[in-house]
Amino acid sequence: MDDPYEDRSMPADTGNGNYDADELIDLENMKPPEVDYYAVLNLAKTASEDDIKDSYKRLSRIFHPDKHSDPALKEAAETKFHVINKAFEVLSNPQLRTAYDEYGEEGINTKWEVGHRIKTPQELREEYSRLAREKREMELESLIRNKNDVTINVDATRVFKNQEIMSPFGGTAFARKSHGSILDPLKRAEIMQLYMKNSFETQFGPRTQFIVGGQMTSRSGMGGGNVVGTIRHTFSEKLNVELGSSLLKPRVGVLKATYSIDPLTFITGTAQVRNFKGPAPLVMTFGRRITKGATGYMTYRTGEWAIGSWGPVFERRRDFSSMALGVSSQDENRAYQVEVQTGLMQSHLSLDYTWTLDSTTKVRVGGSLSTTAGINASIGGDRKITEHTKVGLAVEVGLSGGVAFNIKVKRLGQSVTVPIVLAAEFNPKLAFWAAVVPICAVTALDIAYVKPKRRKERAEKIQELRTVHADFIANQKKEAQEAIELLRESTDRKTRHEQEKDGLVILEATYGNLDAAPELGLTADVTIAVQALVNNSQLTMPGGHSKNHILGFYDPCLGEKKQLRIKYEFQRRLHQVVVADQASVAAPVRSHLLAQ
Numbered sequence: 001m002d003d004p005y006e007d008r009s010m011p012a013d014t015g016n017g018n019y020d021a022d023e024l025i026d027l028e029n030m031k032p033p034e035v036d037y038y039a040v041l042n043l044a045k046t047a048s049e050d051d052i053k054d055s056y057k058r059l060s061r062i063f064h065p066d067k068h069s070d071p072a073l074k075e076a077a078e079t080k081f082h083v084i085n086k087a088f089e090v091l092s093n094p095q096l097r098t099a100y101d102e103y104g105e106e107g108i109n110t111k112w113e114v115g116h117r118i119k120t121p122q123e124l125r126e127e128y129s130r131l132a133r134e135k136r137e138m139e140l141e142s143l144i145r146n147k148n149d150v151t152i153n154v155d156a157t158r159v160f161k162n163q164e165i166m167s168p169f170g171g172t173a174f175a176r177k178s179h180g181s182i183l184d185p186l187k188r189a190e191i192m193q194l195y196m197k198n199s200f201e202t203q204f205g206p207r208t209q210f211i212v213g214g215q216m217t218s219r220s221g222m223g224g225g226n227v228v229g230t231i232r233h234t235f236s237e238k239l240n241v242e243l244g245s246s247l248l249k250p251r252v253g254v255l256k257a258t259y260s261i262d263p264l265t266f267i268t269g270t271a272q273v274r275n276f277k278g279p280a281p282l283v284m285t286f287g288r289r290i291t292k293g294a295t296g297y298m299t300y301r302t303g304e305w306a307i308g309s310w311g312p313v314f315e316r317r318r319d320f321s322s323m324a325l326g327v328s329s330q331d332e333n334r335a336y337q338v339e340v341q342t343g344l345m346q347s348h349l350s351l352d353y354t355w356t357l358d359s360t361t362k363v364r365v366g367g368s369l370s371t372t373a374g375i376n377a378s379i380g381g382d383r384k385i386t387e388h389t390k391v392g393l394a395v396e397v398g399l400s401g402g403v404a405f406n407i408k409v410k411r412l413g414q415s416v417t418v419p420i421v422l423a424a425e426f427n428p429k430l431a432f433w434a435a436v437v438p439i440c441a442v443t444a445l446d447i448a449y450v451k452p453k454r455r456k457e458r459a460e461k462i463q464e465l466r467t468v469h470a471d472f473i474a475n476q477k478k479e480a481q482e483a484i485e486l487l488r489e490s491t492d493r494k495t496r497h498e499q500e501k502d503g504l505v506i507l508e509a510t511y512g513n514l515d516a517a518p519e520l521g522l523t524a525d526v527t528i529a530v531q532a533l534v535n536n537s538q539l540t541m542p543g544g545h546s547k548n549h550i551l552g553f554y555d556p557c558l559g560e561k562k563q564l565r566i567k568y569e570f571q572r573r574l575h576q577v578v579v580a581d582q583a584s585v586a587a588p589v590r591s592h593l594l595a596q
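Numbering follows full-length UniProt numbering, in which position 405 of the sequence shown is assigned residue number 405; successive positions increment by one, without gaps.
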């Protein structure tokens, strides 16, 4: 056989260098990791009390200082045994373990006044969450959140049309193309409407928020605006109410309430009062989660209505009743919404679907069929440019509504939207280029500038981190090497025992950036560390093992993608497995069955 190693690869990082903005942010915020007590004892977070005790006893037999006569090893064992004791002390105490699971080391170092100590882990968890939530709410009490939205409607239909002139012989003729600037056609674009909205939100206690908002609209030099004040109060976990009113004419009042019938079901009602010449239009929504990620809902709108002579007659009503049924769903990878509405004056069927390509990019397609607007379709997407900045592009096409191109930029709570009408009527050629040109431009910008810039920034940041944390990395490496020396004797015995019964023998284990050149030193030999974790021909390595210098691991390539490659012999057969950093490794036989 040419290659004695079968490639039993588990899902692992490809290390292709396509790093996004989130990873750069993570690098900016990177600091030496805290000790993972579960990794110290080589346990999963679901470990039972017996598992914790068994692991502690097994490690104590190796790392107890009395087990070593060499002064250097004895000193190293004392240090590691102290960490093992601390991990056992926390995880064997239900209250400390719950606090650690929720908030890490900060949780066990904080004095939590959680009442009577005799509580179930779930009750403790809920109480810790409540105290932390109240603490965050008090910190945010005086914080004012500002949101600003600007929408600039642009009419660019004349940009893509030849200019018309009056013919001296009567009728209309088209002007010839001039030799002016290439930007001359853009001068024919006009701003149709400007809309601005600004709101300030502040906390009045842990359950009440106050929002003041203003809006302004200008069209052809004329416009108006208003100021709206809203109070939002949470009466309980099931009921919250909003009450708002405009402060200037025309006066509009809004009352909205949401009630959770149970964890899966809610009902929302909204009443909008414009005047007292008729009953307030109502909107009622009933929703229920129907699957793990999907919620079904039903919405009824009364429109303008009358009770006897109180209210507008049918001929003078502007809003009419309708009923809508829909399903919406959202998770990390996709989101969609389907809605069917039927009404007296307008009915429609609409569909929106969004794909998450990666942590920075989303693509959305949508379409609708309406009795008033006909057939409409849209395609677009948005991409995170920096930590707080997002840019979105979209093209909307209607068989009866023309072609429009939308640009949207969001940064923190600020948003600027520019809808540009390219054609008043359906134009397939214009619609095609409106979709293709931005995609090509964004792709070229991403490939030629954004990604190379991020790779350069990332490389510089990694180098800076390695310099800043050089002492920490060296200390972790030293402690890992000490652990390997402490494990060597017991591991040799374990290896001989496994060989005698044709069990699991680790031939070679390498951790780090496996794609890097060996001379760069971005990998570590963890063969002894992995063999030490073998018990009765079973290798158990819960996710998080890479942080465990107590058991012989350390990070040889801070800030880079890492993998663990294990070459091993089991029942006289040679195998290989590659796992991504933070993934878990289970029994080899089980791994083979999954791989096959």
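Backbone N, C-alpha and C define an ideal beta-carbon position, used for all residues, glycine too.
Remember, it's a predicted structure, so these values are computed and weren't measured experimentally.
Whole-angstrom distance between residue j and residue i, CA atom to CA atom
| i | j | result |
| --- | --- | --- |
| Thr371 | Met284 | 23 Å |
| Val442 | Pro452 | 14 Å |
| Ile211 | Ile231 | 6 Å |
| Phe266 | Gly104 | 34 Å |
| Val159 | Ser218 | 23 Å |
| Gly115 | Gln203 | The predicted position of Gly115 is uncertain, since its pLDDT is 42 and thus under 50; a value taken from the coordinates is nonetheless stated next. One C-alpha to the other measures close to 28 Å. |
| Ile506 | Ser69 | 27 Å |
| Tyr554 | Glu508 | 17 Å |
| Lys57 | Glu89 | 13 Å |
| Arg458 | Val468 | 15 Å |
| Thr510 | Ile528 | 10 Å |
| Val327 | Ala294 | 7 Å |
| Gly303 | Ser199 | 27 Å |
| Val313 | Phe320 | 12 Å |
| Glu500 | Ala39 | 29 Å |
| Gly381 | Asn406 | 10 Å |
| Trp305 | Pro281 | 7 Å |
| Asp184 | Glu190 | 13 Å |
Outcome for residue i when other beta-carbon atoms lying within 10 angstroms are tallied against a minimum of 16
| i | result |
| --- | --- |
| Ser359 | exposed |
| Ser309 | exposed |
| Leu504 | buried |
| Pro428 | exposed |
| Gly205 | exposed |
| Ser220 | exposed |
| Met323 | exposed |
| Gly224 | exposed |
| Asp66 | exposed |
| Leu557 | The amino acid occupying residue 557 in the given sequence is Cys; Leu does not appear at that position. Buried, since its Cβ has 16 or more Cβ neighbours within 10 Å. |
| Val403 | buried |
| Ile261 | exposed |
| Asp502 | exposed |
| Ala480 | buried |
Anticipated Cβ contact below 8 Å, residue i with residue j, distance rounded
| i | j | result |
| --- | --- | --- |
| Gly401 | Ala373 | 6 Å |
| Leu422 | Ala156 | 6 Å |
| Glu560 | Ile473 | That pair is no contact at about 13 Å. |
| Ala532 | Leu551 | 7 Å |
| Leu357 | Val338 | So it is not a contact: roughly 22 Å between Cβ atoms. |
| Leu73 | Leu486 | 6 Å |
| Val409 | Val395 | Actually they are not in contact, since the Cβ atoms of Val409 and Val395 sit about 17 Å apart, beyond 8 Å. |
| Leu59 | Ile52 | Not really, about 11 Å apart at Cβ, beyond 8 Å. |
Residue i - DSSP class collapsed to helix/strand/coil
| i | result |
| --- | --- |
| Val578 | strand |
| Gly380 | strand |
| Gly559 | coil |
| Tyr554 | coil |
| Gly115 | No answer about Gly115 holds up, because its pLDDT of 42 lies below 50 and its placement is not dependable. |
| Pro312 | coil |
| Trp355 | strand |
| Glu332 | coil |
| Ser92 | coil |
| Lys67 | helix |
| Gln499 | helix |
| Asp515 | coil |
| Thr540 | coil |
| Val409 | strand |
| Lys57 | helix |
| Leu399 | coil |
| residue 602 | Nothing can be reported for residue 602, as the shown portion of the chain is limited to 1 through 596. |
| His549 | helix |
- Message: Could you tell me which whole beta strand (DSSP E) segments of length 3 or greater appear in the stretch 258-301?
- Response: As for any beta strand (DSSP E) of minimum length 3 sitting wholly inside the stretch 258-301, the runs are 265-273, 282-289 and 294-301, ordered along the chain.
- Could you pull out every unbroken beta strand (DSSP E) segment of at least 3 residues lying fully inside the stretch 204-255, listed in chain order? List check, beta strand (DSSP E) in window: 208-219, 222-234 and 239-246.
- In chain order, which alpha helix (DSSP H) runs of at least 4 residues are fully inside the stretch 411-494? Fully enclosed alpha helix (DSSP H) runs of 4 or longer: 428-445 and 451-468.
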